[in-house]
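In the numbering used here, the protein residues as written are 13 to 265. Just so it is clear, CB atoms sit at the ideal spot from N, CA and C, and this is done for glycine as well.
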């Protein structure tokens, strides 16, 4: 922010790359096409979500997990944080939401695609899969929906990896994405700022250890109920969010 402020005070124009919308969209499209072409992929992630208390104090909550996806409709996604330890598994026939902390699980009929499963989990269980928008069949269309402005900021480094830094503006959100430079343009960092929420909380996702083209093990997406676990209705699993109840999260694009 100090650089931007100094430039504004000096009346200096922004670097030319910042105004080249086509560059930002082209890089984003290349990333989206590459990721959507991968039939099998896996990665690890770390997520930080900011909340705003009634006293207008920002508090950040963190979680980490793993993602394994085998298109069109098999996946295993874990999320471990301070308030929940959850695993989402789709074997193509059933989608299981397993609350590892409470040793209970709910199952719903499987979906024909990862996209359909994401929509169902959002609507039926209010569950968001970390980075789901980046893994859809057509992520570019989803990401660009409602975009008013796009900028190619330049180059940046995320965990030692050189990336293209892109910034986009929607009506209620600003969001940024860092895309790895080279022949494997995977997303390395994703930040969403909620402008419509007081104090503008952010959601930050860091993506690492990408693996593509690896055939998953035969039991990679199987779910066997652990000993002592209990099956429950999906509506019962209302307390498996990554933040405690009663606070205002940011980062919904």
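Buried or exposed, going by whether 16 or more other CB atoms sit within 10 Å of the CB of residue 213?
Classification of residue 213: buried, given that the 10 Å Cβ count is 16 or more.
Taking the Cβ atom as the reference point for each residue, do residue 76 and residue 59 lie within a distance shorter than 9 Å?
Their beta carbons are under 9 Å apart, which means residue 76 touches residue 59 by this criterion.
Alpha carbon to alpha carbon, how far is residue 41 from residue 240?
Going from the Cα of residue 41 to the Cα of residue 240 covers about 47 Å.
Whose CA, out of 67, 102, 168 and 55, lies closest to the CA of residue 225?
Ranking the options by Cα distance to residue 225, first place goes to 55.
Around the C-beta of residue 21, are 16 or more other C-beta atoms found within 10 angstroms, so that it is buried, or is it exposed?
The predicted model places residue 21 with a pLDDT of 38, which falls under 50 and marks its position as unreliable; any figure quoted below should be read in that light. Residue 21 comes out exposed.
With a threshold of 16 other CB atoms inside 10 Å of the CB of residue 101, please say whether the residue is buried or exposed.
Label assigned to residue 101: buried.
CB residue 39 to CB residue 139, shorter than 9 Å?
For residue 39 and residue 139, no; Cβs fall outside 9 Å.
Please return the same chain residues whose Cβ sits closer than 6 Å to the Cβ of residue 197, not counting the five positions on each side in sequence.
Cβ within range, chain order: 42, 43, 46 and 191.
If we count the other Cβ atoms within 10 Å of its Cβ and call it buried at 16 or more, is residue 72 buried or exposed?
Flag for residue 72 reads exposed.
From this set, 231, 233, 172 and 177, which residue's C-alpha is nearest residue 221's C-alpha?
It is 172.
Please report the straight-line C-alpha distance between residue 156 and residue 113, rounded to a whole angstrom.
Approximately 36 Å between the Cα atoms of the pair.
Using a Cβ-Cβ cutoff of less than 6 Å, which residues in the same chain neighbour residue 219 once the five nearest sequence positions on both sides are dropped?
Closer than 6 Å at the Cβ level, and outside the excluded window around residue 219, lie 55, 57, 199 and 200.
Looking only at its chain, what residues have a beta carbon closer than 7 Å to the beta carbon of residue 151, apart from the 5 residues adjacent to it on each side?
Closer than 7 Å at Cβ, skipping near neighbours: 44, 47, 48 and 145.
Going by C-alpha distance, which of 81, 233 and 134 is nearest residue 246?
Answer by Cα proximity: 134.
Given the structure, does residue 122 come close to the ligand ATP, in the sense that its CB is under 8 Å from one of the ligand's heavy atoms?
As for the ligand ATP, it is missing from this structure, which has no ligand bound.
Using a threshold of 9 Å, state whether the C-beta atoms of residue 181 and residue 159 are closer than that.
Closer than 9 Å, so yes.
Which residues mark the beginning and the end of the beta strand (DSSP E) in which residue 126 is found?
It is not in any beta strand (DSSP E) - residue 126 instead sits in the alpha helix (DSSP H) that spans 126-137.
Secondary structure at residue 173, three-state DSSP: helix, strand or coil?
If DSSP states are grouped into helix, strand and coil, residue 173 belongs with the strands.
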